[in-house]
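In the numbering used here, the protein residues as written are 357 to 596.
The beta carbon of each residue, even a glycine, is placed where N, CA and C say it ideally should be.
Notes for the one structure printed next.
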Amino acid sequence: MIIRERASPNHDARPEAKRIDMLVLHYTGMKTAAEAIDRLCDPAAKVSAHYMIDEDGTVWRLVEESRRAWHAGTSFWQGTPDVNAVSIGIELVNPGHDWGYRAFPEAQMASLEALCRGLLSRHPIPLDRVVGHSDVAPLRKQDPGELFDWARLARAGIGFWPSDPAPPPSDVAGAQAMLGAIGYRVPNSGRLDTETRDVLVAFQRRFRPGRIDGDLDDETAARVAAVARTVSALRAGRKP
Ligand SMILES: [Zn+2]
């Protein structure tokens with residue numbers, strides 16, 4: 357893994373200086389890698405990430421891990437409202453849904469795995485706090501999207517993939533409770549309202565990428581239950 361340096365000015369102090377317990381994955385969503393890195397380093401743009409990984413596997417270090425990079429924006433996960441404050445952000449070069457979304461190449465995935473293994477060894481990041489941008493901002497974001505191979509990453513010991521089935525929720529309220537227990541900010545309306553559908557879309561992008569429609573179909577419901585069970589087991593410190 358080749359790491360190249362390019363300093364972004366877009367960072368500030370972490371409010372809790374030592375706390376780093378989340379990892380957030382993104383895609384750049386711009387036509388080219390050059391455009392993306394320019395933006396991540398442009399003081400006027402006020403966005404950044406700690407790392408950017410090009411499609412050829414080159415890793416760019418943009419912000420020191422000890423600093424708060426500005427990648428997640430308004431966000432929430434497992435009760436944490438300012439995800440930037442406690443996370444490391446990694447941008448994967450990909451044009452994204454607006455400019456020709458495409459598969460993440462092997463070289464890029466291999467570098468990501470190597471980088472993440474290092475991060476997880478340096479920081480106490482629980483596996484259920486390795487997330488996508490769309491998980492922490494489901495009303496606004498789609499990245500890294502349904503072509504990102506979370507199952508592969510989980511096999512490499514980064515994040516998790518649900519293995520055992522669990523009894524599905526009997527209604528929308530039950531599904532909302534499970535999604536909330538996983539970490540999503542979700543209403544408890546008991547209805548498939550717009551916000552709940554957005555959360556289900558984010559969930560499907562990550563855990564049921566075959567069909568992304570925001571519906572609580574049987575397979576989605578079963579997946580929600582399986583993921584909730586896995587997260588609960590991870591939190592209890594057991595092996596899922
Ligand atoms: Zn993002």
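Grab the span of the beta strand (DSSP E) containing residue i for me, first residue to last.
i, result
"W416", "V415 to R417"
"D368", "H367 to A369"
"L381", "M378 to Y383"
Going by the C-beta, is residue i closer than 6 Å to any heavy atom of ligand 1?
i, result
"H489", "yes"
"D499", "yes"
"H367", "no"
"H406", "no"
"H453", "no"
"H382", "yes"
What are the boundary residues of the alpha helix (DSSP H) that residue i is part of?
i, result
"V439", "V439 to V442"
"G452", "G452 to W455"
"V555", "T550 to F563"
"H489", "H489 to V492"
"E575", "D574 to R591"
"A463", "E462 to R478"
Please list, in chain order, all residues of the same chain as residue i whose beta carbon is under 6 Å from its beta carbon, the five residues on each side excluded.
i, result
"E361", "R417"
"P365", "P399"
"A584", "M534, A537 and I538"
"R579", "F563 and R564"
"P494", "D554, V555 and A558"
Which residue from the options puts its Cα closest to that of residue i?
i, options, result
"G537", "A459, Q434, E462 and G515", "First, the residue type needs correcting, since residue 537 is Ala and not Gly in the sequence shown. Of the listed residues, the one whose Cα sits closest to A537 is Q434."
"P371", "P399, R424, A363 and T384", "R424"
"G334", "E411, I376 and D368", "This structure cannot speak to residue 334, because the chain is shown only from 357 to 596."
"V415", "P461, C397, S467 and P437", "S467"
"L483", "R553, R567, V557 and A510", "A510"
"A369", "Y457, A459 and A441", "A441"
Taking the C-alpha atoms as reference points, what is the distance between residue i and residue j?
i, j, result
"S443", "P523", "32 Å"
"D527", "G452", "34 Å"
"G501", "K374", "30 Å"
"P596", "A529", "Residue placement at P596 cannot be trusted, given a pLDDT of 44 that sits under 50; what the coordinates show is reported in the next sentence. For P596 and A529, the distance between alpha carbons rounds to 25 Å."
"I393", "P525", "43 Å"
"S545", "V492", "20 Å"
"E469", "V439", "21 Å"
"P543", "Q532", "7 Å"
"I358", "A459", "21 Å"
"P521", "A577", "11 Å"
"D377", "T388", "30 Å"
Can you give me the Cβ contacts of residue i inside the same chain, cut-off strictly under 7 Å, excluding the 5 residues immediately before and after it?
i, result
"E575", "R564"
"R541", "F432"
Can you list, in chain order, the residues of its chain with a C-beta nearer than 8 Å to that of residue i? Leave out the 5 residues immediately preceding and following it.
i, result
"R473", "A512, G513 and I514"
"H367", "S404, V419, E420, R423, R424, A425 and W426"
"P437", "S431"
"A401", "N366 and R395"
"I446", "L379, V380, L381, H382, A405, H406, Y407, M408, I409, L468, L471 and C472"
Would you check whether ligand 2 has a heavy atom nearer than 6 Å to the C-beta of residue i?
i, result
"D571", "Ligand 2 is absent from the structure shown, which contains only ligand 1."
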